[in-house]
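To start, the structure itself, in structure tokens.
Numbering (my numbering), first residue to last: 27 to 504.
Encoded structure:
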């Protein structure tokens, strides 16, 4: 089930909201919160099981395993049994990474071995559970934080289950740390203001996904369906620019919907995007793109490796390792691996000398062009089915071919309009009119204009959903 589906919008969400708020009339706070948590947990399990009960078994095993490992770590700490505590921690990491490796990377590595050995082991394709990377990283952060003493273990299995499986952020983030949500699980406050804010955030996220991402995504899909040898330079550039807009509005739209849904139920989630396409360095881009994942790798990989505390060479190595793993996290394919490697190299280069030059350069538009050129070019590897296709596609972007597929063959006027709107709304307009927005956002007339825009966007989103079958969520595959 996806947020931008008729089932979710008209049946699932209204039903869960109605049942959740029905318990608001209970006067005893602890009983009320218990009932609400049970409702949200059951709703989350139904949401996840919508794609198959098989998936539900996997996430339940993950939840129970991490719950027991955290109890073991805490019990060993109470008994001052350090070997047992370390053993529990190591086994927890093996458990989580083992589950992730089996479902996400077995086919990839077996394929490599088969290629080297020139053999066919007859391994059946292992189905990748939706969102396994997200809920595994979320579970790992809880166990790691219990081990390091940042949070106390939670004895209540219901609360841990809800933390891991809460449906707004279950399958595509943002990745929420237990420390950030611990108190909200028991003491969150629901209010009309927060609910209205949540609806607004959800509707704008839905519009980003349906009106922008889906529309320009159809252009990208069409371009990438052609053989690279058929593409002209214009069509190749258009295809990857459309994909750049698609993936940003797809993922940031989902994050907006997740944050909005959280607010409807009284939760506050961390922001996951901060207009990454206005960045003037690759380092700045990664501070703004998929913030929860970047923060996760920084806290649980980069800093434990030594961060920037052990000299320049070690810093560069640590950066490279983090982005190698970031690429691998996104998928079992050489394209993702290379995508991460190239980002690691660029970040090391910025640390070596380029970053200083970018900071001192007064002509920031040059910095932005460099950053967007790198980001857009690297999205080719993210989108391409294999490495050969990726390099051929990049070559096509810089070659002129006669009788090739041109721009006019792949995009219509409506799609052009949405592409331009998407580019402007990916940061430039928000920055240009920020001061103006801050002045008028509390005005009564602006509230009603904003409300009218939300209704209009919702109606248009529903119309497009009814009339189109193209409605993928790119990050569901991770």
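We treat Cβ as the ideally placed atom computed from N, Cα and C, and that holds for glycine. Note that the structure is a prediction, hence the values are computed from the model and not measured.
As assigned by DSSP and simplified to three states, the class of residue i
{"i": "residue 257", "result": "strand"}
{"i": "residue 197", "result": "coil"}
{"i": "residue 431", "result": "strand"}
{"i": "residue 33", "result": "helix"}
{"i": "residue 108", "result": "helix"}
{"i": "residue 152", "result": "coil"}
{"i": "residue 215", "result": "coil"}
{"i": "residue 210", "result": "helix"}
{"i": "residue 297", "result": "coil"}
{"i": "residue 313", "result": "helix"}
{"i": "residue 468", "result": "coil"}
{"i": "residue 410", "result": "coil"}
{"i": "residue 318", "result": "helix"}
{"i": "residue 175", "result": "coil"}
{"i": "residue 474", "result": "helix"}
{"i": "residue 290", "result": "helix"}
{"i": "residue 270", "result": "helix"}
{"i": "residue 226", "result": "helix"}
{"i": "residue 389", "result": "coil"}
{"i": "residue 134", "result": "helix"}
{"i": "residue 456", "result": "helix"}
{"i": "residue 169", "result": "helix"}
{"i": "residue 340", "result": "helix"}
{"i": "residue 76", "result": "coil"}
{"i": "residue 488", "result": "helix"}
{"i": "residue 180", "result": "coil"}
{"i": "residue 302", "result": "helix"}
{"i": "residue 281", "result": "helix"}
Proximity below 8 angstroms, CB of residue i to CB of residue j
{"i": "residue 426", "j": "residue 237", "result": "no"}
{"i": "residue 292", "j": "residue 227", "result": "no"}
{"i": "residue 323", "j": "residue 341", "result": "no"}
{"i": "residue 298", "j": "residue 317", "result": "yes"}
{"i": "residue 265", "j": "residue 250", "result": "yes"}
{"i": "residue 350", "j": "residue 366", "result": "yes"}
{"i": "residue 274", "j": "residue 230", "result": "no"}
{"i": "residue 416", "j": "residue 402", "result": "no"}
{"i": "residue 362", "j": "residue 424", "result": "no"}
{"i": "residue 185", "j": "residue 211", "result": "yes"}
{"i": "residue 239", "j": "residue 279", "result": "yes"}
{"i": "residue 259", "j": "residue 419", "result": "no"}
{"i": "residue 305", "j": "residue 381", "result": "no"}
{"i": "residue 246", "j": "residue 269", "result": "yes"}
{"i": "residue 328", "j": "residue 348", "result": "yes"}
{"i": "residue 301", "j": "residue 456", "result": "yes"}
{"i": "residue 312", "j": "residue 321", "result": "no"}
{"i": "residue 159", "j": "residue 126", "result": "yes"}
{"i": "residue 254", "j": "residue 452", "result": "no"}
{"i": "residue 369", "j": "residue 404", "result": "yes"}
{"i": "residue 87", "j": "residue 257", "result": "no"}
{"i": "residue 134", "j": "residue 435", "result": "no"}
{"i": "residue 290", "j": "residue 207", "result": "no"}
Buried/exposed call for residue i, threshold 16 Cβ in 10 Å
{"i": "residue 32", "result": "exposed"}
{"i": "residue 200", "result": "buried"}
{"i": "residue 422", "result": "buried"}
{"i": "residue 95", "result": "buried"}
{"i": "residue 17", "result": "Since the first and last residues shown for the chain are 27 and 504, residue 17 lies out of range."}
{"i": "residue 496", "result": "exposed"}
{"i": "residue 128", "result": "exposed"}
{"i": "residue 437", "result": "buried"}
{"i": "residue 189", "result": "buried"}
{"i": "residue 355", "result": "buried"}
{"i": "residue 376", "result": "buried"}
{"i": "residue 165", "result": "buried"}
{"i": "residue 70", "result": "buried"}
{"i": "residue 217", "result": "exposed"}
{"i": "residue 295", "result": "buried"}
{"i": "residue 38", "result": "buried"}
Within-8 angstroms CB hit, residue i to chain B
{"i": "residue 379", "result": "Any reference to chain B falls outside this structure, which holds one protein chain only."}
Residue i: CB within 7 angstroms of a non-hydrogen atom of the ligand HEM
{"i": "residue 358", "result": "The ligand content of the structure shown is nil, which means the ligand HEM is not present either."}
key: Cβ contact check for the stretch 155-166 and the stretch 100-111: 3 or more pairs under 8 angstroms   = Output reads no: the stretch 100-111 does not touch the stretch 155-166.
ask   = Quick one: any contact between the stretch 68-83 and the stretch 138-151, if contact means 3 or more CB pairs under 8 angstroms?
value = The stretch 68-83, when compared against the stretch 138-151, does not touch it at the 8 angstroms Cβ threshold.
task = Specify whether the stretch 273-288 and the stretch 432-443 touch according to this definition: at least 3 beta carbon pairs, one from each stretch, less than 8 angstroms apart.
result = When Cβ pairs closer than 8 angstroms are counted between the two stretches, the stretch 273-288 is seen not to touch the stretch 432-443, the count staying below three.
ask   = Can at least three beta-carbon pairs, one atom from the stretch 163-180 and one from the stretch 203-211, be found at a separation below 8 angstroms?
value = Here the stretch 163-180 lies against the stretch 203-211, with 3 or more beta-carbon pairs under 8 angstroms apart.
task = Check whether the stretch 76-93 touches the stretch 50-67, taking contact to mean three or more Cβ pairs, one atom from each stretch, closer than 8 angstroms.
result = Not touching, per the Cβ criterion.
inquiry  = Contact between the stretch 116-126 and the stretch 165-172 is defined here as three or more beta-carbon pairs at a separation below 8 angstroms; is this criterion met?
reply    = They touch, by the three-pair rule.
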